[in-house]
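Before any comments, here is the structure.
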Amino acid sequence: MTGTILSIEGLTVDLPKGGDRSHAVENLSVTVGAGEIVCIVGESGSGKSITSFATMALLPRALNVSSGRIVFEGQDILKLSEADHARLRGNRMAMIFQEPMTALNPCYTVGDQIEEVFLSHTDMPKAERKARTLALLTEVRMPDPPRIYASYPHQLSGGQRQRIVIAMALALDPSLLIADEPTTALDVTTQAQILSMFRELRRTRGAGIMLVTHDFDVVAEVADKVVVMQRGVVVEQGTADEVLNRPKHPYTRQLIDAVPRRARDDARETASRPEVLRVEELTKTYRIPASFGRAAREVAALRPASFSLREGETLGIVGESGSGKSTLVRALLRLIDPTSGRVMIDGKDIAAAPKSSLRTLRRDIQIVFQDPYGSLNPRRTIGDQLVEGPVNFGVPRAQAMERARDLVRIVRLGEEVLQRYPNQFSGGQRQRLCIARALMVEPKILVADEAVSALDVSVQKEVLRLLAEIRDRMGLSMLFITHDLRVAAQICDDVIVMSKGEIVERGAIGRVFADPQHPYTRELLAAMPGQGWKVPDLSALPPAVA
Amino acid sequence: MAALVALTVSIISFALIYMAGDPAVALAGENATPDVVAQIRAQYGYDRPLPVQYLDWLAHALRGDFGTSPYFRLPVSELIADRLEVTMILGVLGISFALLVGVPMGVLAAMRPNSLIDRAALFIAVVGQAIPSFWFGLILIVLFAVNLGWLPASGADSWKGFVLPTIVLGYYATPAIMRLTRAGMIEVLGSDYIRTARAKGVKPRKILFKHALRNAVIPVVSLAAVQMGFMLGGSIVTESVFALHGAGYLAWQSISRNDLPTMQALILIFSLFYIFFTFLADVLNAWLDPRLRK
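First to last, the protein sequences are chains A and B. Under the numbering used here, the residue at position 383 of the first sequence is numbered 507, and the numbers go up by one with no gaps. Under the numbering used here, the residue at position 112 of the second sequence is numbered 120, and the numbers go up by one with no gaps.
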């Protein structure tokens, strides 16, 4: 380590009046040294992103720094003018954002947008700018740099776009790199590549990296130092070894306790139970009609898929984006019409049923979606939304209300929530309400489509526990769709691994983890972050110190 | 696509003759005997089957021959060619005025929402939308032509004659362009890629003009095309107020005199302009936004 690059001292950022707290960040002190990766960890609303934006002088206008210093290479960022900030940004300090899909301007080519960094900070001639840009594209391992150079953002995938943003950040060898949840929106194999790129950067360029994340496995993968934040305050900081293996603060312990373990210890026997759902050779093919000299094509979104689900069983469907897992679920529920195949529930074929009878068939199979914010109607009370399902199926309202009261208790909320509106609940609470709503019509099968992906880890853990409890109590069967193997490991009995529209592997979760058969499954498992870290047994540690 | 729309429009403008009643009766005038009507019907070919009449009319129209105006006793094409120039100049000036005023005002308003500039721009927009064109035109004439004597009140003899009509016509289109620019800029300035550009250290002015404006102006282009079409056909009021003898004024005359061939030709030409400008807007937008290119 050759010295401190960034030193934040007693930083306090005020929130506009009327919020649930007065400071977004309070009295925060952190240092980042050369060649050091410092991870700032916390759940949503902890102030970790605000810290990174304050360092870049990119805070939204509504937020004001009320005290503290941010010393970068010897000068206080907070005392500089906007023009001085522009000189530093992209040059000495650079930032990578969470959402690669929207981080690039749709109107300009990727090459143009990378070159703009050189254009803004140097007087390099055009030819040299282009040569440097092509070299950067090679460095971030983009295939065919000249083609990518002339491409527009919408022609690239999310992972590729994130690499473009990284290329921009690296263009002028900044001494500080700030990455705000850089891999959260990406698939696990892409995440692994980008994390290894960070490690390489630390080694080859000696830059200090401040990485903001909510994922302890990512921390374990790359961090030298860890800062844990809760509600705008640093509750614990130390070396990665200290914080990961011997956490002191109760909140840190709670977060680490919520980290999904990689394997299940309690294998359940389900093979002898009766089948509730059988899917036979289900396929979905999209036809793209001919246009402007291009011949018509057929795209197989789902190749013949067959599996069955037994009573009380939880079957995980795991795959990365574009693997066909969403298509499978939608075809199964007839939200889209499958091209061929059968979906048997109770001896009836959903795939062939006439549209008019779908409503009654769907009663047996209910779904909980990914986004807890978008899937409740903001203008109707929770009670109204819960009873709607059963009332549609002819249950008297009073009786449905009685069941709603039971269910909100089961999902551990009070009866009074039935009179409230969705905006009065947090993401985790909303997801519990969505689960209650799905259970209102007493389905046999519950489909959870990335149902915990949008939640913070501690909330995620609670919702998973709740789902398992409800499943066992009501004898439900569950289809659990996720991109996250670690989450699947916590709740599933069996797992199906999908890749490119095809089921490549199926087996008991323990077996798939311990002895993966298909190369893709092996790749997926190898890409999981934090494998070198064995989550500590918290009960064996000395008592927590707040 | 555009060609198909143009063909449909030509059929509709042809059919207009029959929507207004029997054209032969209309031409013959009141108190005409059935013999005279029959003679006119034969003379103008109204006794032939409709598809034949349409194809005949279309074939002539494609060669620029729209027949003779019964009121002006002149070939329609000559009549229109004379007037179209004035209307075209006025339309181009009007839309340029609207864009040159509306877009910068929208950008300024978006840079500081709810500031004094934003409020002032909103005020101008509301006033522009509320004042009828003829009234605004008269005020300008009283002020600049009668009282100050700087500009002529009417006529198209020199460039001076176009100043006031341009302001009247352009001002009417300004508010919508300004509001759309403002809304687009506010949305774009809050987007992730603007944040990326700032994080790269791009200078604020370049962020505004290179990164933000290009994205924000895309819907404005489509709107301007619609308004341009509207100005060409709908400058009747402005042309009347300033006694500019343009195509709008001619349209008004031909409607009031029941001059069918002129009406037909004008409707067809206005519609074709409209289609042309919409097409031009699509081309321009595809150039601005690569996602719209196939």
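A virtual CB, placed ideally from N, CA and C, is assigned to each residue, including glycine.
- Message: Checking 7 Å against the spacing of the C-beta atoms, do Ser230(B) and Leu177(B) come in under that value?
- Response: no
- What is the rounded straight-line gap between the Cα of Arg91(B) and the Cα of Thr204(B)? 52 Å
- Query: Tell me which same chain residues have a C-beta within less than 6 Å of the C-beta of Val352(A), skipping the five on either side of it?
  - Reply: Val165, Val359, Glu360 and Thr376.
- Would the beta-carbon of Asp348(A) fall within 7 Å of that of Glu197(A)? When the beta-carbon positions are compared, Asp348(A) and Glu197(A) stay at least 7 Å from each other.
- Task: Would you list the one or two residues that DSSP bridges to Gly157(A)?
- Result: Thr128(A)
- Query: Using a beta-carbon distance below 7 Å, is Asn223(B) in contact with chain A?
  - Reply: yes
- Hey, could you find the ends of the beta strand (DSSP E) Ser141(B) is sitting in? Careful: Ser141(B) lies outside any beta strand (DSSP E), inside the alpha helix (DSSP H) at Ser141 to Leu148.
- Message: Under 8 Å, with one C-beta from each stretch per pair, do the segment 88-105 of chain B and the segment 244-261 of chain B reach the 3-pair mark?
- Response: yes
- Message: Going by DSSP in three states, Ser464(A) sits in which element: helix, strand or coil?
- Response: strand
- Residue-level contact to chain A via CB, Asn293(B), 7 Å cutoff: No, Asn293(B) lies away from the interface with chain A (no Cβ there is under 7 Å from its Cβ).
- Neighbourhood of Ile88(B) by C-beta distance below 8 Å, restricted to the same chain and skipping five residues each side: Phe74, Ala255, Leu258, Thr270, Ala273, Leu274 and Ile277
- Item | Within-7 Å CB hit, Asn188(A) to chain B | no
- Pick from Glu93(B), Arg120(B) and His219(B) that is closest to Asp165(B), judged by C-alpha positions: Glu93(B)
- Message: Does any residue of chain E have a CB that is nearer than 7 Å to the CB of Ser205(A)?
- Response: No chain E appears in this structure, whose protein chains are A and B.
- Task: Under 6 Å Cβ to Cβ from Asp341(A), same chain only, skipping five residues before and after it: list those, please.
- Result: Pro653 and Gly654
- Item | Any chain B beta carbon closer than 7 Å to Asn215(A) | yes
- Item | Alpha carbon of Ala638(A) to alpha carbon of Leu221(B), nearest angstrom | Approximately 55 Å between the Cα atoms of the pair.
- Task: Just confirm the distance between the C-beta atoms of Met321(A) and Val264(A), as a whole number of angstroms; I'd bet it's less than 8 Å.
- Result: 7 Å
- Task: Enumerate, from N- to C-terminal direction, the unbroken alpha helix (DSSP H) stretches of 4 or more residues contained entirely within the segment 447-506 of chain A.
- Result: Taking only runs of at least 4 residues, the alpha helix (DSSP H) segments lying wholly in the segment 447-506 of chain A are 449-456 and 482-485.
- What are the start and end residues of the beta strand (DSSP E) that includes Gly631(A)? Glu626 to Ala632
- Task: Please confirm whether Ile559(A) and Val453(A) have their CB atoms less than 7 Å apart.
- Result: no
- Would you report the Cα separation of Met125(A) and Gly157(A), rounded to the nearest angstrom? A caution first: Met125(A) carries a pLDDT of 45, below 50, which makes its placement in the model too unreliable to give a value.
- Task: Can you say whether Thr179(A) is buried or exposed, counting buried as having 16 or more other CB atoms within 10 angstroms of its CB?
- Result: Looking at its Cβ environment, which holds 16 or more other Cβ atoms inside 10 Å, Thr179(A) is buried.
- Message: Looking only at its chain, what residues have a beta carbon closer than 8 Å to the beta carbon of Asp573(A), apart from the 5 residues adjacent to it on each side?
- Response: Within the same chain, and ignoring the five residues on either side of Asp573(A) in sequence, the residues whose Cβ sits closer than 8 Å to its Cβ are Ser450, Val453, Ile491, Val492, Phe493, Gln494 and Ile605.
- Item | chain A residues whose Cβ lies nearer than 8 Å to that of Ser199(B) | Thr226
- Item | Exposed unless 16 or more other CB atoms sit within 10 angstroms - verdict on Ala664(A) | exposed
- Message: Quick check: what's the CA-CA separation for Ile283(B) versus Ser85(B)?
- Response: 20 Å
- To the nearest whole angstrom, what separates the beta carbons of Pro567(A) and Arg554(A), a pair I think is in contact under 8 Å? So it is not a contact: roughly 20 Å between Cβ atoms.
- Message: Across the segment 498-514 of chain A and the segment 528-538 of chain A, are there enough close Cβ pairs to call them in contact, namely three or more that are closer than 8 Å?
- Response: yes
- Message: Residues in the same chain with beta-carbon distance under 7 Å from Cys616(A), minus the five sequence neighbours each way, listed in chain order, please.
- Response: The residues are Thr438, Leu439, Gly440, Phe604 and Ile633.
- Task: Identify the contact partners of Leu296(B) in chain A, using a Cβ-Cβ distance below 9 Å as the criterion.
- Result: Cys231
- Return the CA-CA distance between Arg299(B) and Pro230(A), expressed in angstroms with no decimal places. Spanning the two alpha carbons is a distance of roughly 7 Å.
- Message: Could you compute how far the alpha carbon of Arg110(A) sits from the alpha carbon of Thr155(A)?
- Response: No answer is possible for residue 110(A): it lies beyond the span of chain A, which begins at 125 and ends at 670.
- Starting from Thr328(A) and walking both ways along the alpha helix (DSSP H), at which residues does that stretch end? Val312 to Arg329
- Query: In terms of residue numbering, what span does the alpha helix (DSSP H) encompassing Tyr52(B) cover?
  - Reply: Premise fails: Tyr52(B) is in no alpha helix (DSSP H) and is neither H nor E.
- In the DSSP assignment, what are the bridge partners of Asp339(A)? Note: Asp339(A) sits in no beta bridge, so no partner.
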